[in-house]
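First comes the structure, then the notes that go with it.
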Amino acid sequence: MNNQYRKTLPDTQLEYFDVRQAVEDIQPGAYDQLPYTSKVLAEQLVRRCEPEILTESLQQLIERLQTRDFPWYPARVVCHDILGQTALVDLAGLRDAIAEQGGDPAKVNPVVPTQLIVDHSLAVEYGGFDPDAFEKNRAIEDRRNEDRFHFINWTKTAFKNVDVIPAGNGIMHQINLEKMSPVVQVRDGVAFPDTCVGTDSHTPHTDALGVISIGVGGLEAENVMLGRASWMRLPDIIGVELVGQRQPGITATDIVLALTEFLRKERVVGAYLEFFGEGADSMSVGDRATISNMTPEYGATAAMFYIDQNTIDYLRLTGREPEQVQLVEQYAKQIGLWAEQMKEAVYPKVLRFDLSQVTRNIAGPSNPHARVSTSDLKAKGIAGVVEQRDDGLMPDGAVIIAAITSCTNTSNPRNTVAAGLLARKANELGLTRKPWVKSSFAPGSKAAALYLEEAGVLEDLEKLGFGIVAYACTTCNGMSGALDPAIQQEIIDRDLYATAVLSGNRNFDGRIHPYAKQAFLASPPLVIAYAIAGTIRFDIENDVLGHDQAGNLIYLKDIWPSDEEIDELVARSVKPEQFQQVYIPMFNLDRSEQAISPLYNWRPQSTYIRRPPYWEGALAAPRTLANMRPLAILGDNITTDHLSPSNAIVRDSAAGEYLAKMGVPEEDFNSYATHRGDHLTAQRATLANPKLYNEMVVRSDGTIKQGSKARVEPEGEVMRMWEAIETYMNRKQPLIIIAGKDYGQGSSRDWAAKGVRLAGVEAIVAEGFERIHRTNLVGMGVLPLEFKPGTDRKTLKLDGTELYSVIGNIAPRSTLTLVIERATEDGKEQTIEVPVTCRLDTEEEVSVYEAGGVLQRFAQDFLEGSIA
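Residues 127 to 994, numbered by the numbering used here, are exactly what the sequence shown covers, in order.
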């Protein structure tokens with residue numbers, strides 16, 4: 127510890143580390159020019175690092191170099207129940223492995239405070255038009271997840287440093303924003319910036335508070351939980367200047383969809399963004415959080431806002447203690463994190479975005495960055511002639527799901543109040559949702575219900591079919607629940623183009639619902655407007671929504687609330703005591719109960735929780751990286767939804783057949799996500815997305831066949847993906863996957879890496895990797911390799927008949943050789959040697975990979991005594 131920089135924080139009894147002096151000692155005048163991110167990283171280096179590491183690391187920060195790894199120690203880990211539970215299942219399995227080798231399992235605990243919020247388990251079986259939907263959905267959630275919740279309840283007493291917020295309380299990101307993040311931490315009398323990693327790609331939500339919060343995979347989170355440093359190199363830090371002011375009637379959702387499109391085009395993948403300028407200064411934290419939440423959709427790692435008066439006002443609004451609010455302002459100003467002190471920050475690259483140019487937007491189909499202005503819907507071919515059906519049948523493009531969901535929007539009071547006001551005006555004019563629309567409202571926080579009730583608009587939402595169905599992540603996570611059987615049958619019989627509209631952040635094909643062929647993202651008030659319209663073919667700006675009692679035509683502009691109405695109602699209705707009423711009892715956690723044993727008593731018939739296999743069988747064998755067969759050859763933009771879907775399990779899937787064999791009734795199959803604590807169910811989800819295009823599976827006309835299919839070689843037989851995986855597993859055949867650009871984008875889903883590793887995949891060669899998924903692959907002992915520019919699966923004319931081997935010295939970013947053996951058209955053997963980049967980016971990642979993965983590395987260190 128560098129005590130020469132440890133000082134007393136003025137006017138307090140606390141101490142802090144004077145990062146300004148530490149930096150100025152190395153290079154006078156450098157501190158004020160550092161970006162916000164660099165200042166926070168520098169502080170933790172001064173506080174945590176040994177002197178010999180400190181000087182070189184600070185020099186790297188000052189000079190913006192990316193040549194040396196330095197340790198990062200996040201202050202907290204936050205988890206939702208799917209990946210958090212999976213991480214704790216892994217730790218419970220690790221305890222078993224340690225015990226079997228003579229170690230003390232009770233010593234295997236998270237070292238870093240870990241907060242687990244149960245928020246990803248509820249399906250919307252009952253829509254918002256049912257007044258008892260919340261209670262009914264919660265009862266089903268508890269019944270379906272009894273095994274999972276039994277294990278989670280065990281963890282809160284069996285493990286030290288784990289807090290559990292049970293189901294029915296809200297979404298982890300919104301709770302993190304409204305309560306869990308103190309912005310400035312105090313431990314052992316020392317104040318320092320709050321930082322966290324979370325097992326969800328939307329963890330950057332709290333970047334809006336000036337807190338470095340990044341999404342990581344479950345495996346990387348386990349690494350942090352167990353006290354190991356998260357080794358990193360200085361990321362690209364890009365300034366984003368927001369200029370201008372929004373036009374009337376434009377929501378934060380419209381802004382973030384336009385920003386997502388803009389930033390995707392600017393290729394900010396992996397970067398830390400810092401928003402500043404007059405546009406950022408005028409934004410509430412709610413609006414900032416809407417932007418930060420969508421960080422993974424534009425491909426960045428973080429989306430930071432400076433601490434300023436708006437931050438302080440938000441902390442007061444959400445009921446933080448006055449002493450904590452005062453500490454945040456005092457500390458931020460002391461170490462130069464206050465917005466006014468960031469004026470001299472120098473960025474290697476600055477992007478400029480004009481808020482005044484943003485129009486009303488939706489995004490889709492299929493991708494959150496596919497923005498379309500609502501004024502261009504007809505020109506873009508989304509809106510068209512609306513069928514006037516008198517037979518009661520659904521029209522083309524029928525909206526079968528309309529959901530106000532996801533922390534992206536429900537954490538923003540302005541968005542939800544706007545939806546309530548639009549519902550009120552629609553009700554007054556006699557408009558109703560179409561009968562085939564399954565509507566729902568799932569706030570990320572119970573506080574939302576209190577201020578909407580205070581505003582008098584909750585009843586208006588309920589009347590229109592948008593009653594509260596849950597406080598959880600629902601439709602956005604593929605947990606849309608079952609459709610009315612008659613509606614589902616009509617979709618099947620007529621092969622109907624059915625769609626979903628939601629206020630979420632993800633709309634990938636196949637994610638929202640098996641019978642919604644495509645999905646569109648929209649602001650909460652627009653979701654309601656589409657529920658009234660009933661079809662995506664509706665030109666939402668220009669077509670007629672209905673008629674009032676006098677026969678007058680009603681358009682969207684007639685029910686859209688004014689900015690003045692929204693702002694007045696927000697100011698009058700959102701109060702600190704609402705947040706205190708919700709969060710004080712929620713975090714009054716009972717820690718008196720004691721677990722009987724540090725080892726979990728696994729339930730052998732469970733399809734939710736099963737002892738993990740990471741220390742046995744094929745995973746304990748050495749990886750040869752030789753004579754690998756391709757399991758799949760994939761294109762660009764492969765998401766973790768393709769690699770391991772999270773939506774509902776259908777009967778004729780491999781997982782569905784397995785669950786039926788285990789005696790689970792079809793109505794309780796639940797989602798793929800909820801079964802990730804049982805590898806026997808979860809591995810059957812590997813590449814199980816029905817929207818997958820495996821380029822090895824080609825029709826007779828040369829087109830690629832869609833579906834979860836594979837071609838087994840050398841026979842050339844096409845079969846379902848799971849059957850192909852089983853075939854190769856029985857042969858002990860090592861596998862490889864070849865892919866295009868942006869492999870693994872989307873949710874931070876560790877089973878997208880676990881599934882392929884259990885299948886026998888030893889390496890993945892792609893044109894580029896999404897950051898979180900690449901670290902998950904490393905954490906599972908899968909080698910990520912990157913084609914050199916100008917080389918890809920197409921230039922090499924790969925068709926899946928090849929054998930692949932990897933040779934060379936595995937080191938950070940080293941060049942290895944991919945050896946490809948194949949037959950030529952005249953039957954001769956051909957060998958091609960292709961240089962590829964080893965995407966183990968740090969020495970720590972090499973160490974983890976060589977051990978076989980994160981858990982294997984920890985077990986080795988633990989048993990060798992380097993960790994006690």
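Just so you know, even glycine gets a beta-carbon here, dropped at the ideal spot from N, CA and C.
Closest residue to residue i among the options (Cα-Cα distance)
i: Val312; options: Asp480, Thr138, Leu647, Arg221; result: Thr138
i: Met906; options: Pro239, Asp216, Arg146; result: Asp216
i: Ser339; options: Asp380, Cys322, Thr240; result: Cys322
i: Val237; options: Lys286, Gln227, Val204; result: Lys286
i: Ala415; options: Val250, Gly570, Glu792; result: Gly570
i: Gly833; options: Leu769, Val166, Gly343, Glu304; result: Leu769
i: Tyr398; options: Ile662, Lys817, Leu389, Tyr784; result: Leu389
i: Gly630; options: Gly315, Ala528, Ala836; result: Ala528
i: Arg132; options: Ala384, Gly315, Leu242; result: Gly315
i: Lys475; options: Ser565, Pro361, Leu944, Leu481; result: Pro361
i: Ala428; options: His331, Asp256, Asp434, Gly953; result: His331
i: Ile692; options: Val543, Thr853, Arg825, Phe277; result: Val543
For residue j and residue i, believed in contact at Cβ under 8 Å, the rounded distance
i: Glu169; j: Phe143; result: 6 Å
i: Gly336; j: Met468; result: 10 Å between Cβ atoms; not a contact.
i: Pro197; j: Ala355; result: 3 Å
i: Val980; j: Asn349; result: 5 Å
i: Phe401; j: Leu368; result: 6 Å
i: Glu580; j: His495; result: The pair is not a contact, with the Cβ atoms about 36 Å apart (cut-off 8 Å).
i: Ile946; j: Ile933; result: Contact flag wrong, Cβ pair sits at about 12 Å.
Coil, strand or helix - residue i by DSSP
i: Gln644; result: strand
i: Asp684; result: helix
i: Tyr784; result: helix
i: Val563; result: coil
i: Met605; result: coil
i: Phe260; result: helix
i: Gly672; result: strand
i: Pro319; result: strand
i: Cys1000; result: Residue numbering for the chain in the displayed model covers 127 to 994; residue 1000 lies beyond these limits and cannot be assessed.
i: Lys551; result: helix
i: Gly901; result: With the sequence shown as reference, residue 901 is identified as Thr, and Gly is not the correct amino acid for it. If DSSP states are grouped into helix, strand and coil, Thr901 belongs with the helices.
i: Gly375; result: coil
i: Gln514; result: coil
i: Leu383; result: helix
i: Lys867; result: coil
i: Pro961; result: strand
i: Val700; result: coil
i: Phe713; result: coil
i: Trp464; result: strand
i: Ser931; result: strand
i: Ile594; result: strand
i: Ala994; result: The predicted position of Ala994 is uncertain, since its pLDDT is 48 and thus under 50; no value can be drawn from it.
i: Gly979; result: coil
i: Ile936; result: coil
i: Pro539; result: helix
i: Gly872; result: coil
i: Gly995; result: Any answer about residue 995 is impossible in this case: the structure gives the chain only from 127 up to 994.
i: Asn279; result: helix
Own chain residues within Cβ distance below 7 Å of residue i, not counting five before or after
i: Ile152; result: Thr181, Leu184, Gln185, Ile188
i: Asp273; result: Arg729, Ser732, Tyr734, Ile735
i: Val411; result: Ala334, Leu335, Asn436, Thr437, Tyr440
i: Arg550; result: Val583, Asp586
i: Asp103; result: The requested residue 103 does not occur in the structure, where the chain is confined to residues 127 to 994.
i: Ala758; result: Leu813, Asn820, Met822, Ala836, Ile863
i: Pro539; result: Gly412, Tyr577, Val696, Val700
6 Å Cβ shell around residue i - same chain, five flanking residues per side excluded
i: Arg883; result: Met906, Val908
i: Val395; result: Gly425
i: Ala232; result: Pro724
Close beta carbons around residue i, own chain, < 8 Å, minus the five adjacent residues each side
i: Val498; result: Asn487, Ile488, Ala489, Gly490, Lys506, Ile508
i: Asp158; result: Gly462, Gln467, Glu470, Ala471
Residue ranges of each alpha helix (DSSP H) within the segment 419-462, 4 or longer:
421-424, 435-443, 448-460
What beta strand (DSSP E) runs, 3 residues minimum, are completely inside the segment 192-220?
196-198, 202-206
Could I get the ranges of all uninterrupted beta strand (DSSP E) runs contained in the segment 141-183, with 3 residues as the minimum, in chain order?
141-143
In the segment 802-841, which residue ranges form an unbroken beta strand (DSSP E) of at least 3 residues, counting only runs that do not cross its ends?
Those beta strand (DSSP E) runs which fall completely within the segment 802-841 and span 3+ residues are 819-824, 830-832, 835-838.
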